[in-house]
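Notes to accompany the following structure.
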Amino acid sequence: MPLQTLRPPLFITKVLVFSASLLPLAWLCWLVWHEQLGANPVETLSHFTGDWSLRFLLMTLAITPLRQITGWNNWIKFRRMLGLFAFFYVCLHFSVYLIFDQFFDLNSIIEDVAKRPYITVGFAGWLLLIPLAATSTNGMIKRLGRNWRRLHRLVYLIGLLGVLHFLWLVKADITEPLLYAGILALLLGYRLWRRVQSATANRSTR
Numbered sequence: 167m168p169l170q171t172l173r174p175p176l177f178i179t180k181v182l183v184f185s186a187s188l189l190p191l192a193w194l195c196w197l198v199w200h201e202q203l204g205a206n207p208v209e210t211l212s213h214f215t216g217d218w219s220l221r222f223l224l225m226t227l228a229i230t231p232l233r234q235i236t237g238w239n240n241w242i243k244f245r246r247m248l249g250l251f252a253f254f255y256v257c258l259h260f261s262v263y264l265i266f267d268q269f270f271d272l273n274s275i276i277e278d279v280a281k282r283p284y285i286t287v288g289f290a291g292w293l294l295l296i297p298l299a300a301t302s303t304n305g306m307i308k309r310l311g312r313n314w315r316r317l318h319r320l321v322y323l324i325g326l327l328g329v330l331h332f333l334w335l336v337k338a339d340i341t342e343p344l345l346y347a348g349i350l351a352l353l354l355g356y357r358l359w360r361r362v363q364s365a366t367a368n369r370s371t372r
């Protein structure tokens, strides 16, 4: 969107949200630079990037409910940015696995995807995010028309795959993945409730 079409407060808010979205990366870089990744650096990198991938994905899913509940339509102007940051952190998460865990060993990766369920669902989620990121431009929105909205509903499935990936990965304390699962369930439940309400209202007006 051209800068001149944005009101200053909204533009400033966008800059602040963009900057805040980079803070996890900045913190991670600080940890790497100061060698503060702990006894298992690869595991720390993987968990850190995975956590923030899921957080940004859930924040993206929360935008529409926030807009509907608060009545502030400008919430929607942050959805694409947050969604792209979710994709960015997912790509970082996958890169950690590809480079530091598997050392670009494609045969080992294929075997992992085939035999380890949490890798399978995580890889599937990453693949499904690619077309969503690729079609996030205004030009693609116009070109796809109604199909764009249908395609981007995949984000709910991706959220589910992300939660399953985390839940199946954790071996001991499952508190955090269950928290994310609860947030996702609330968001999906709210969406279902809105659809039922809309369908009921449509029937009553006939």
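Numbering (this note's numbering) for the sequence shown: 167 to 372.
Cβ atoms here follow ideal geometry from the backbone N, Cα and C, with glycine treated the same way.
To the nearest angstrom, how far is the alpha carbon of residue 285 from that of residue 367? One C-alpha to the other measures close to 43 Å.
Excluding the five sequence neighbours on either side, which residues of its own chain have a C-beta within less than 6 Å of the C-beta of residue 283, listed in chain order? 334
Is it the case that the Cβ atoms of residue 298 and residue 321 are separated by a distance below 9 Å? yes
Please go through the region 204-236 and give each complete alpha helix (DSSP H) segment of 4 or more residues, from N-terminal end onward. 207-236
Would you call the CB atoms of residue 295 and residue 256 closer than 9 Å? Yes, the pair counts as a contact, with Cβ atoms nearer than the cut-off.
Which of the three DSSP states, helix, strand or coil, is assigned to residue 168? Reliability of the predicted coordinates at residue 168 is poor, the pLDDT of 49 falling under 50, and no value is obtained from them.
Residue 201 by DSSP, collapsed to three states: which one? coil
Straight-line CA distance for residue 365 to residue 358? Cα to Cα, residue 365 sits roughly 11 Å from residue 358.
Since I believe residue 329 is in contact with residue 347 (beta carbons under 8 Å), could you give me their beta-carbon distance rounded to a whole number of angstroms? 5 Å
Residue 278 - containing alpha helix (DSSP H), residue span: 272-281
Ignore the nearest five residues each way along the sequence and tell me which others in residue 194's own chain have a CB closer than 8 Å to its CB. In its chain, beyond the 5 residues on either side, 211, 214, 215 have a beta carbon closer than 8 Å to the beta carbon of residue 194.
Exposed or buried, residue 260, counting other C-beta atoms within 10 Å across all chains shown (16 or more means buried)? buried
Look at the Cβ atom of residue 227, then the Cβ atom of residue 310, and state whether they are nearer than 9 Å. no
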